[in-house]
Amino acid sequence: MTDIAELETSIRADIDVAADEAALEAVRVASLGKKGSISDVMKTLGKMSDEERKVQGPALNALKASITEAINERKEVLKRATMEIRLASEKTDVTLPVRQSPSEAGRIHPISQVMDEITAIFADMGFSVAEGPEIETDYYNFTALNFPEGHPAREMHDTFFMQEDEKGERKVLRTHTSPVQIRTMENQEPPIRIIIPGKTYRCDADATHSPMFHQLEGLVVDKKANIANLKWVLEEFCKSFFEVDNVNMRFRPSFFPFTEPSLEVDIQCDRSGNEVKFGEGNDWMEILGCGMVHPNVLRSGGLDPDVYQGFAWGIGIDRIAMLKYGMPDLRAFFDANARWMKHYGFRPLDMPTLFGGLSQ
Amino acid sequence: MKFTLSWLKDHLETDATLEEIVEKLTLIGLEVEEVDDKSQFAPFKIAKVLSAEKHPDADKLQVLSVDIGEGTPVQVVCGAPNARADMYGAFAAPGAYVPGLEITLAVGKIRGVESHGMMCSERELEMSDEHDGIIDLPEGLEVGGSFAEYAGLNDPVIEIGITPNRPDALGVAGIARDLEAAGLGKVKPVAISAPKTNGACPVNVKLDFDKSQEDLCPAFGLQLVRGVKNGPSPKWMQQRLLAIGLRPISALVDITNYATFDMGRPLHVFDADKVKGDIVVRRGKQGESYLALDGKEYKVTDKMTVIADDNGIESLAGIMGGEESGCGDDTVNVLVESALWDPLNIARTGRDLGINTDARYRFERGVDPSFMEPGLYHGTNLVMELCGGEAFEPLIAGEIPKPNLIIDFPVSEVKRLTGIEVSTEECQSILMRLGFGVSGMGETLQVAVPSWRPDVFGKADIVEEVMRIHGINNIEPQPLEATGAVGSKILTVGQTRARNARRALATRGMLEAVTYSFIPEAHAKAFGGGSEACKLANPISVELSDMRPSLLPGLIAAAGKNQDRGAGDVALFEVASIYLGDTPETQHRVAGGIRRGSAGLTGGGRDWRDAGSPVDVFDAKADAFAALEACGMDASKAQIVAGGPDWYHPGRSGTIQLGPKLVLGHFGELHPMTLETLDVSGPICGFEIMLDNLPASRKKATKTKPPLELSGLQSLARDFAFVVDSDCDALTLIKAAQGADKNLVASVKIFDIFEGPSLGENKKSIAIEVMLQPKDKTLTEEDIAGVSSRIIATVEKATGGTLRG
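Here the protein sequences come in this chain order: A and B.
Here the first sequence stands for residues 6 to 365, numbered as in the numbering used here.
Here the second sequence stands for residues 15 to 819, numbered as in the numbering used here.
See below:
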């Protein structure tokens with residue numbers, strides 16, 4: 006008995022001092038190996054008396070098991086220590102910067118973003134999105150929209166003309182998105198509810214004008230749409246778009262050849278600070294033109310003005326983008342200045358929705 | 015259109031304040047653009063010069079002691095020759111802004127003597143051009159009183175923007191009529207009686223037009239006044255003209271300008287002694303020219319209407335008089351003209367000659383024909399009133415049109431179009447206040463349109479009149495009827511593609527640009543454009559002359575500008591239209607993008623983990639594929655053909671096609687010559703995807719995806735390397751490996767490309783990893799050997815290469 010206890014004490018002492026896995030392995034071989042100390046004692050079992058063996062046998066097996074466990078435990082401790090040394094040597098400077106994810110670095114132009122915002126709002130009111138060509142015939146851009154030839158109203162539009170063709174006719178760069186009204190009426194039976202976002206062109210360039218700009222046209226044609234509905238649509242739009250609880254709008258009689266009655270709309274705002282605030286203040290800012298579709302325009306679209314009626318409006322997309330997001334200069338929209346785009350542009354995953362909010 | 019408050023009150027009796035008038039004008043459609051309340055004249059006071067001593071150090075200056083009504087007199091140094099003791103004048107204290115000098119006064123020292131203000135001349139207060147001396151007021155005025163009030167300088171000026179449909183509001187009298195209708199006062203009618211005359215007019219007038227062109231001048235009125243004395247017009251008239259920005263010239267000329275703004279009736283005056291023979295109103299003749307009142311010579315054409323005599327053209331009808339027969343200080347006998355002209359002809363003539371006058375502005379919008387004759391008398395009366403003389407019988411040539419449009423107007427139209435509930439009585443009352451004749455009761459009224467409203471044609475126009483006077487802001491908004499419970503998809507395929515491509519490209523770190531649709535001709539030509547059909551006839555500059563045939567030139571030029579600003583590594587894209595012709599069918603929706611410098615997917619510039627390698631064809635290819643995939647297209651189905659359009663590097667560009675004809679897009683590095691033309695340095699790669707050319711996705715009955723088949727059997731990878739000719743396409747090799755055993759080969763990936771002398775000249779090695787996925791049984795060594803040899807054989811056959819030993 007004493008022998009076994011001594012043996013265990015001695016082996017355990019060796020295990021405890023083994024400094025690395027190799028030393029531990031040497032201890033294992035020296036104790037549990039074929040010629041190890043425990044194995045040597047085991048070999049004596051055969052020479053023992055039955056009674057002696059009954060006592061010594063289990064004791065030796067227990068010793069073997071406990072030493073095996075002690076070695077494994079020590080092995081785990083040594084492995085950890087080794088790993089810790091390695092890890093300590095692997096320290097790195099985690100303050101080093103990483104590159105911005107491309108999906109964070111990219112930008113959507115404010116015009117595209119605002120068009121998506123507008124689309125979300127009007128989709129909710131049952132409108133769809135129509136489009137048309139930017140190089141238009143004089144007929145669609147003017148005549149069909151009740152701009153008689155030679156009428157001074159044509160001069161209100163500083164028109165870009167294309168070269169004359171063989172027939173002496175010249176196309177124009179559309180001066181408004183209104184030609185799409187006619188193209189839609191020609192192809193679609195009422196009820197019509199469309200918005201028409203798109204590029205428009207006027208031969209005009211100064212601090213507040215750009216020869217290319219973006220317009221949003223709206224058109225509703227059915228058998229009862231009237232000015233009261235028009236006011237509702239525009240008020241709802243302005244509230245949703247500018248994300249304010251209240252807007253105060255002022256409708257003034259005006260003149261557009263393609264609407265009768267025609268109205269211009271001002272929105273009440275506070276321009277005293279750097280930002281324009283809606284729903285408060287003492288200033289009126291003109292933001293759009295609208296009116297009931299002129300009987301002659303309905304006729305151009307093949308509709309009987311005594312049966313069908315409707316309203317239309319036009320608003321500058323760039324302009325309302327500027328008002329909402331505070332860009333000071335229209336011309337910068339088309340300058341493709343990377344710094345401008347990064348600053349005023351929108352992150353690609355910021356999709357305007359009504360359920361998630363138009364903007365962050 | 016400008017006028018002053020006192021001028022308006024000549025025509026309108028009203029207690030309304032300036033603010034009320036301004037607000038009402040805007041609400042009835044006469045939008046007030048600016049109000050100058052003239053408060054800048056408030057600082058000017060009536061002052062009395064107590065003494066005037068010679069300046070000690072200047073011969074032409076005097077030192078005045080001036081009583082300004084505030085106790086102690088102030089010292090003022092003055093250079094006016096007429097300054098003298100006991101005179102009354104207009105004084106400006108330090109701090110006052112003097113409009114004629116455009117300076118704000120301060121206490122100053124003039125040749126060593128302090129001056130505490132100034133005595134003003136008329137020119138300094140912009141009252142006239144008079145600057146020979148300071149204003150000399152009558153004695154006995156209240157010292158310290160407001161000079162502006164005394165001189166009528168405090169008359170507020172209102173400027174309104176008149177829409178082209180409202181020529182009736184181009185005279186103060188017409189504005190007063192609108193305000194009366196809107197309940198803001200009562201019109202004071204202008205009484206015009208035919209002048210007393212002394213015999214027939216000695217000058218004859220002939221309207222010389224073909225029958226078909228009589229509309230050019232329907233009627234022409236002329237009246238001679240003899241023995242006038244021309245000179246400056248009265249102060250009140252000069253002041254009003256000055257207030258609205260017109261320069262007073264002489265009584266005769268000022269009368270015509272005044273009538274233009276007062277009554278909306280342009281008049282003209284000829285010096286009768288300079289008119290030779292009869293007056294003929296006719297079309298111009300090719301080659302004729304005339305010297306206009308603005309001192310310029312204009313060439314007329316036979317499309318223009320002129321007033322001529324034996325000397326030739328004396329006036330360009332309805333636009334501008336001639337210098338030769340103009341009235342001056344020596345005019346004794348004057349011919350007053352009041353006529354009617356064809357609006358379109360006036361507009362075209364004015365546009366062609368580039369002449370903008372107040373007369374043209376009114377005639378091209380339409381003046382009231384019924385007022386032609388009264389207007390003539392009005393002018394004649396004013397001439398006699400201000401310049402004396404005696405009138406001769408008026409001469410009216412042609413026939414004055416009498417518009418008598420009567421519109422059947424169902425009152426229900428107002429509610430139909432506007433939602434306003436308005437009674438027949440209110441409707442009637444509004445229209446009558448505006449001068450419409452209304453008859454009939456009941457549901458449909460007969461509405462006679464007044465001669466001064468050429469814009470009113472039909473029912474909708476009358477609705478507008480009722481609405482604007484009733485008040486638009488009284489209309490309660492009403493919701494548009496809801497169309498259904500849940501909205502459905504509203505975007506077209508093209509719109510969805512554009513939107514998706516945009517978001518996809520932006521997630522690749524690119525910035526969305528919106529560039530002009532027109533580009534310089536040279537840029538258009540470098541990208542296959544520049545055709546006549548795509549050229550603007552009147553570009554705003556030569557830099558913006560041609561509709562773009564591609565998005566790339568605009569983006570590349572933008573990259574160049576960014577480089578100039580210090581941002582050389584940029585990735586830009588645009589989703590917009592290109593124009594290959596001038597028809598709707600040749601306008602195409604395109605997604606295009608470029609990367610410059612080191613602006614690859616992970617960003618441009620140097621980074622501690624990425625040295626910033628230059629962008630190349632594969633950056634552009636990846637962008638192009640991303641755009642395709644975003645549009646719902648399986649990019650692996652597309653064919654990639656080496657080479658692209660001329661503007662790309664011939665060896666480093668590719669064309670994305672479906673079949674031999676349908677081109678979906680291009681990608682590549684830009685040709686150095688292209689960059690040279692655009693004056694932008696590389697490296698630049700770019701791509702364009704023609705969104706309209708993508709095949710429509712097949713409509714499926716359900717949205718169910720095909721079942722996912724996951725094999726429980728282990729897949730395994732095998733690597734092969736082939737030595738092939740340098741110009742062998744990778745795609746050929748991949749397709750061959752894929753086709754070697756369609757049941758087993760799940761994917762083929764290229765993991766190494768090697769070129770080196772060890773392979774021999776014009777050879778390269780392509781190493782692939784082939785993933786084998788058994789479907790029904792585990793592969794045996796033999797199976798694997800079999801498929802491997804099939805892969806080797808197929809690839810070798812397709813590429814002409816050999817397995818690399």
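Virtual Cβ for every residue (Gly too), placed ideally from N, Cα, C.
Only a predicted model underlies this, so the values are computations on that prediction, with no experimental measurement involved.
- For Gly800/B, the uninterrupted alpha helix (DSSP H) run begins and ends at Glu795 to Thr813, by DSSP.
- Per DSSP, the unbroken beta strand (DSSP E) holding Ser303/B starts and ends at Ser303 to Leu305.
- When 8 angstroms is used as the limit between beta carbons, Arg620/B is near no residue of chain A, the shortest such separation being about 11 angstroms.
- In this structure, DSSP gives Ser226/B a helical state, which the three-state scheme calls helix.
- Look at Tyr530/B: its C-beta is under 9 angstroms from a C-beta on chain A.
- DSSP places Lys68/B in the uninterrupted beta strand (DSSP E) bounded by Lys59 to Lys68.
- Met15/B carries a coil assignment under DSSP once its states are collapsed to helix, strand and coil.
- Classified as buried, Met101/B has 16 or more neighbouring CB atoms from the shown chains inside 10 Å of its CB.
- Against chain B, the beta carbon of Asp129/A has neighbours under 9 angstroms at Gly501, listed in chain order.
- In this structure, the CA atom of Ala518/B is about 9 angstroms from the CA atom of Leu354/A.
- Ile325/A and Ser106/A have their C-alpha atoms spaced approximately 30 angstroms apart.
- Taking 9 angstroms as the CB threshold, Arg180/B lines the interface with chain A.
- In terms of beta-carbon proximity, Asn487/B lines the interface with chain A, with at least one pair separated by less than 9 angstroms.
- Given a length threshold of 4 residues, each whole run of the alpha helix (DSSP H) inside the stretch 76-139 of chain A is given here in chain order: 107-110 and 115-129.
- Of all residues in the stretch 253-279 of chain A, those with a C-beta nearer than 8 angstroms to a C-beta of chain B are Arg255, Phe256, Arg257, Pro258, Ser259, Phe260, Glu265, Pro266, Ser267, Leu268 and Glu269, reading in chain order.
- Leu817/B has its alpha-carbon roughly 31 angstroms from the corresponding atom of Phe639/B.
- When DSSP assignments are scanned along the stretch 225-266 of chain A, the uninterrupted stretches of alpha helix (DSSP H) that are 4 or more residues long and fall wholly within it turn out to be 232-247.
- The stretch 175-184 of chain B makes contact with the stretch 464-472 of chain B; the number of CB pairs closer than 8 angstroms reaches 3 or more.
- Straight-line measurement puts the Cα of Cys742/B at about 12 angstroms from the Cα of Val655/B.
- Of all C-beta pairs linking the stretch 378-388 of chain B to the stretch 412-432 of chain B, three or more are shorter than 8 angstroms, placing the two stretches in contact.
- If only complete runs of 3 or more residues are kept, the stretch 268-339 of chain B shows the beta strand (DSSP E) at 282-285, 293-297, 303-305, 311-313, 319-323 and 326-330, in order along the chain.
- For the alpha helix (DSSP H) assignment, the uninterrupted runs of no fewer than 4 residues enclosed by the stretch 622-654 of chain B are, from N- to C-terminal side, 631-644.
- Within the same chain, Cβ atoms closer than 7 angstroms to the Cβ of Val34/A are found at Gly41, the five residues on either side in sequence being excluded.
- For Glu156/B, the nearest beta carbon of chain A is not closer than 9 angstroms to its own beta carbon.
- Of all C-beta pairs linking the stretch 431-445 of chain B to the stretch 474-493 of chain B, three or more are shorter than 8 angstroms, placing the two stretches in contact.
- Residue range Asp288 to Val298 is occupied by the beta strand (DSSP E) that includes Met290/A, with no alpha helix (DSSP H) assigned at that position.
- In summary, Asp422/B is exposed, with fewer than 16 beta-carbon neighbours lying within 10 Å of its beta-carbon over all protein chains present.
- Scanning the stretch 314-351 of chain A from its first residue to its last, the whole beta strand (DSSP E) runs of 3-plus residues come out as 314-321.
- Just measuring C-alpha positions, the residue of Ile197/A, Glu222/A and Arg207/A sitting nearest Thr182/A is Glu222/A.
- Sixteen is the threshold: since fewer than 16 other Cβ atoms of the shown chains lie within 10 Å of the Cβ of Val60/A, the residue is exposed.
- With a 10 Å radius around the Cβ and a threshold of 16 neighbouring Cβ atoms, His145/B comes out exposed.
- Membership of Met785/B in the beta strand (DSSP E) is indicated by the continuous run Lys777 to Leu786.
- Around Gly340/B, the same chain offers Asp285 and Leu307 as residues with beta carbons nearer than 7 angstroms, after the five sequence neighbours per side are excluded.
- Residues of the stretch 97-119 of chain A that bring their beta carbon within less than 7 angstroms of a beta carbon in chain B comprise Leu101, Arg104, Gln105, Pro107, Ser108, Ala110, Gly111, Arg112, Ile113, His114, Ile116 and Ser117, in sequence order.
- In this structure, Leu167/B is the residue among Asp24/B, Ala474/B and Leu167/B with its C-alpha nearest to the C-alpha of Asp50/B.
- Contacts with chain A at 9 angstroms (Cβ-Cβ) include Leu431/B.
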